[in-house]
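What follows is a short report on a single structure.
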């Protein structure tokens, strides 16, 4: 057979060691210019791999070497929504789990609210691997109770029983804050296991104009914060007489501090947090923002929109500011989620300020003062 299908599972976990570098070997295997005469270094026999179909899987592309990634056609598969996970659990995972544990279909009943609680509070994943493991734990619990005679069929598992069976919940649900605080803004982030909301906090103190960043921010996110500070100083200085940029230090923190964060998509959230701090106006806690900004105040599109919107919906967010160029990404979001969120599309920070803080830069803009100049005049 010259045209088999090879599955390369989780290539993002390839690691080099004294035993060899599998990533380098895959470069030759996946290169169509070389794989017709691939030579194995152990057997020293050439193989024709030109007709082989290679399918590689990965949780993230961040750890895949760039030359190897360049030889692949990237197909992104979005994670499941909560409703999709619920349907998969009820129609597929639970029946197969009962069969694997020797339980009759009617011997164990897990109430719908319990299944939803497992999805939300006992798993944190884009797929359903951990969901299946948690259902298997419940099945083993039921098997032991039924065999020992301490429970009768059907054993009904309710939401309040999950602490006893599965232990303490492992996922803390993110929720929107209840009150607006100047300097605090809700941003949106994407991770390999789905979207998240993140809170960006800013405060100021007497100092020398220093900007401090904490929360394990990566280089790109630090640059976004620097751009945001420069924009705030250039666009807001004329309307913030009570805030002295030169004599004030600004500190920005992004919880949680133990989790690394990076990427440009928090740009408008960082800028809005600074603008909120400087103007003393709070942002509606039910409003979230995502988008990259440039030094000229243009809002650029970002990725992971579907996952970010789903995370915002779970957290109770009701308004999301998105870059205009991300409008088409809403086609991938379930209709029931779209119906409960108001979307505001922006392409400049002026629009961001107007929507988030009610600040119209064009109305408050004052001309820059022109200093008196002494012009020498020649004697006539």
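Numbering (our numbering), first residue to last: 1493 to 1872. Every residue, glycine too, gets a C-beta built ideally from N, C-alpha and C. Keep in mind it's a predicted model, so treat the numbers as computed, not measured.
Sequence-distant residues of its chain with Cβ nearer than 7 Å to residue i (five each side left out)
i: residue 1780; result: 1678, 1679, 1680, 1689, 1804, 1809, 1812
i: residue 1853; result: 1727, 1842, 1845
i: residue 1556; result: 1503, 1504, 1550
i: residue 1526; result: 1520
i: residue 1544; result: 1495, 1496, 1498
i: residue 1577; result: 1611, 1620, 1623
i: residue 1821; result: 1797, 1798
Beta-carbon proximity check, residue i vs residue j, cutoff 7 Å
i: residue 1648; j: residue 1601; result: yes
i: residue 1791; j: residue 1760; result: yes
i: residue 1753; j: residue 1782; result: no
i: residue 1514; j: residue 1506; result: yes
i: residue 1630; j: residue 1611; result: no
i: residue 1768; j: residue 1696; result: no
i: residue 1672; j: residue 1775; result: yes
i: residue 1675; j: residue 1699; result: no
i: residue 1500; j: residue 1548; result: yes
i: residue 1830; j: residue 1687; result: no
i: residue 1746; j: residue 1692; result: yes
i: residue 1793; j: residue 1827; result: no
i: residue 1840; j: residue 1789; result: yes
Same chain only: Cβ atoms within 6 Å of residue i, ignoring 5 sequence neighbours per side
i: residue 1565; result: none
i: residue 1634; result: 1600, 1647
i: residue 1720; result: 1762, 1763, 1766
i: residue 1617; result: 1685
i: residue 1703; result: 1721, 1742
i: residue 1838; result: 1791, 1813, 1844
i: residue 1508; result: none
i: residue 1593; result: 1631, 1635
Rounded distance between the beta-carbons of residue j and residue i, thought under 8 Å
i: residue 1738; j: residue 1701; result: 5 Å
i: residue 1778; j: residue 1849; result: With a Cβ gap of about 15 Å, residue 1778 and residue 1849 do not count as contacting.
i: residue 1714; j: residue 1705; result: 6 Å
i: residue 1524; j: residue 1542; result: 7 Å
i: residue 1684; j: residue 1552; result: 5 Å
i: residue 1530; j: residue 1539; result: 5 Å
i: residue 1627; j: residue 1654; result: Going by Cβ atoms, the distance from residue 1627 to residue 1654 rounds to 12 Å, so no, they are not a contact pair.
i: residue 1645; j: residue 1598; result: 7 Å
Cβ-heavy atom distance, residue i to the ligand SAH, below 6 Å
i: residue 1514; result: In the structure shown, the ligand SAH is absent, as is every other ligand, since no ligand is present at all.
Cβ neighbours of residue i in the same chain (closer than 8 Å, five flanking residues each side left out)
i: residue 1650; result: 1603, 1605, 1606
i: residue 1824; result: 1570, 1797, 1798
i: residue 1619; result: 1571, 1572
i: residue 1717; result: 1703, 1705, 1709, 1744, 1762
i: residue 1669; result: 1676, 1678, 1691, 1777
**OP:** Kindly confirm or deny that the region 1566-1583 and the region 1508-1528 touch, where touching means at least three C-beta pairs closer than 8 Å.
**Re:** no
Original post:
At what residue ranges does the region 1739-1770 contain a whole run of the alpha helix (DSSP H), taking only runs of 4 or more?
Top reply: If only uninterrupted alpha helix (DSSP H) runs of at least 4 residues are considered, none is enclosed by the region 1739-1770.
**OP:** Pick out the complete alpha helix (DSSP H) segments inside the region 1763-1849, 4 residues or longer, and give them in chain order.
**Re:** 1797-1807, 1827-1830, 1841-1849
Original post:
Does the count of Cβ pairs from the region 1698-1713 and the region 1637-1651 closer than 8 Å reach three?
Top reply: no
Original post:
For the region 1565-1643, which segments carrying the beta strand (DSSP E) assignment without a break, of at least 3 residues, lie completely within its bounds, in sequence order?
Top reply: 1600-1602
**OP:** Would you check if there are 3 or more beta carbon pairs closer than 8 Å linking the region 1572-1587 to the region 1610-1627?
**Re:** yes
Subject >> alpha helix (DSSP H) runs wholly inside the region 1658-1702, at least 4 long, in chain order >> reply: none
Subject >> beta strand (DSSP E) segments (min. 3 residues) lying fully within the region 1528-1554 >> reply: 1545-1548
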